[in-house]
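There are 2 protein chains.
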Amino acid sequence: MSNLELPVLGQDDAAACCSPMVREPLGEEAAVELAKMFKALSDPVRLRLLSLIASHEGGEACVCDLTGPFDVSQPTISHHLKVLREAGLVGSERRGTWVYYWVLPAALAKLSSLLQAPAAIATVPAGGAR
Amino acid sequence: MSNLELPVLGQDDAAACCSPMVREPLGEEAAVELAKMFKALSDPVRLRLLSLIASHEGGEACVCDLTGPFDVSQPTISHHLKVLREAGLVGSERRGTWVYYWVLPAALAKLSSLLQAPAAIATVPAGGAR
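Those protein sequence lines, which keep their order, are chains A and B.
For what it's worth, my numbering labels the leading residue of the first sequence as 2, then goes sequentially.
For what it's worth, my numbering labels the leading residue of the second sequence as 2, then goes sequentially.
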């Protein structure tokens, strides 16, 4: 319906699975692709790296800004950044000595939409006993 | 700021990390907890199970509704459901012969908010070269 309004910033398949998963069952192919993106988010250091990049002034960060806050080695940081890039969550570019990273907003928006819990659904499951 | 409006449906810590990660760097503790939830989402079968539960009529699904669509064994499905439950993404209850599952909307909403890419941020990183 509203596919025409979806942002497509470097994510050709952004329109393929932006519908909230509470609205209709997720297809097999979409699930495989989305699981890879969630796997990239399943590590605390990667989550913090992504957040550091996303919240950095100007929306991008030099790799030189990204090592200070962590107790892990530079090669480990580089590995995590590679995982985020390969999952399509960040873009990168070398400029002179440093590599710069920025988040790919369409990818975040895709995952965010997928996990949306409409207000109508949010009030259904009473009890909450586990 | 708007903490008072946050839903708290069986998620005591829902208020702790609902701010979009693009707004401020994610803390270490929050990242550890969130990474566990994303890890639960990092498997295609679990993603589809969650979606099947969430989109099921009435907002909950009997385990008997959840095995048909998959090429995996019942014990495997049960294992995946346990992972989703332990990650705080679904609740469950036995009623007679069957166990019923429902999504915990606050958990989905927390992850969805975290990944929100504000329109302002979405227009910043020009180029998109990788």
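We treat Cβ as the ideally placed atom computed from N, Cα and C, and that holds for glycine.
Can you give me the Cβ contacts of P45/A inside the same chain, cut-off strictly under 8 Å, excluding the 5 residues immediately before and after it?
-> As a working mapping, residue 45/A is identified with position 44 in the first sequence. Answer for P45/A: no residue qualifies.
Going along the chain, which residues of its own chain have a beta-carbon closer than 7 Å to the beta-carbon of T68/B, five neighbours each way excluded?
-> To locate residue 68/B, count along the second sequence from 1; it is residue 67. If we look at T68/B and ignore the five residues flanking it on each side, its Cβ neighbours are Q75, I78.
Under a three-way DSSP split, which group does R24/A fall into?
-> Counted from its first residue, the first sequence places residue 24/A at position 23. The three-state reading of DSSP puts R24/A in coil, since its state is none of H, G, I, E or B.
Is DSSP giving G92/A helix, strand or coil here?
-> Residue numbering aside, residue 92/A sits at position 91 when the first sequence is read from its first letter. In the structure shown, G92/A sits in a strand (DSSP, three-state: E or B).
Going by beta carbon distance, what residues of the same chain come within less than 6 Å of H81/B, once the five residues before and after it are set aside?
-> Here residue 81/B is taken as the residue at index 80 of the second sequence, counted from 1. The residues are V46, R47, L50.
Report back the beta-carbon spacing between L42/A and F39/B to the nearest angstrom; my notes put them in contact at under 8 Å.
-> Reading the first sequence from its first residue, position 41 is the one you call residue 42/A. Reading the second sequence from its first residue, position 38 is the one you call residue 39/B. Contact flag correct, Cβ pair sits at about 4 Å.
Quick one: measure Cβ to Cβ for S113/B and L116/A, integer angstroms, because I've assumed they're closer than 8 Å.
-> Looking up residue 113/B in the second sequence gives position 112. Looking up residue 116/A in the first sequence gives position 115. Cβ atoms of S113/B and L116/A come within 8 Å of each other, at about 4 Å.
Thinking C-alpha only, which one of W99/A, Y101/A, L90/A, V100/A is nearest E34/A?
-> Along the first sequence, one-based indexing puts residue 34/A at 33. Ranking W99/A, Y101/A, L90/A, V100/A by Cα distance to E34/A puts L90/A first.
From the DSSP output, read off the bridge partner residues of A110/A.
-> Looking up residue 110/A in the first sequence gives position 109. Partner(s): none; A110/A has no beta bridge.
Considering only C-alpha positions, which residue in the set A88/A, S93/A, L109/A is nearest to V64/A?
-> Position 63 of the first sequence, counting from 1, holds the residue named residue 64/A. Comparing alpha carbon positions, the residue from A88/A, S93/A, L109/A closest to V64/A is S93/A.
The beta strand (DSSP E) enclosing V100/B, as first and last residue numbers = On the second sequence, residue 100/B is found 99 positions in, with the first residue counted as 1. For V100/B, the enclosing beta strand (DSSP E) covers residues 99–104.
Go ahead and label W99/B buried or exposed: buried means 16 or more other beta carbons lie within 10 angstroms of its beta carbon, across all protein chains shown.
-> As a working mapping, residue 99/B is identified with position 98 in the second sequence. Here W99/B is exposed, its C-beta having fewer than 16 other C-beta atoms within 10 Å.
Anything in chain B within Cβ reach of D44/A, meaning under 7 Å, just list it in chain order.
-> Mapped onto the first sequence, residue 44/A falls at position 43. Residues of chain B passing the Cβ test: A36.
Do you know offhand how far P21/B's Cα is from A110/B's?
-> Looking up residue 21/B in the second sequence gives position 20. Looking up residue 110/B in the second sequence gives position 109. The alpha-carbon separation between P21/B and A110/B amounts to approximately 11 Å.
What number of angstroms, rounded off, separates the C-alpha of W103/B from the C-alpha of A36/A?
-> Position 102 of the second sequence, counted from the start, is the residue given in the question as residue 103/B. Position 35 of the first sequence, counted from the start, is the residue given in the question as residue 36/A. Looking at the two C-alpha atoms, the distance is approximately 20 Å.
Please report how far the alpha carbon of R96/A lies from the alpha carbon of D66/A, in whole angstroms.
-> Taking the first sequence and counting its residues from 1, the one referred to as residue 96/A is at position 95. Taking the first sequence and counting its residues from 1, the one referred to as residue 66/A is at position 65. Rounded to whole angstroms, the gap between the alpha carbons of R96/A and D66/A is 14 Å.
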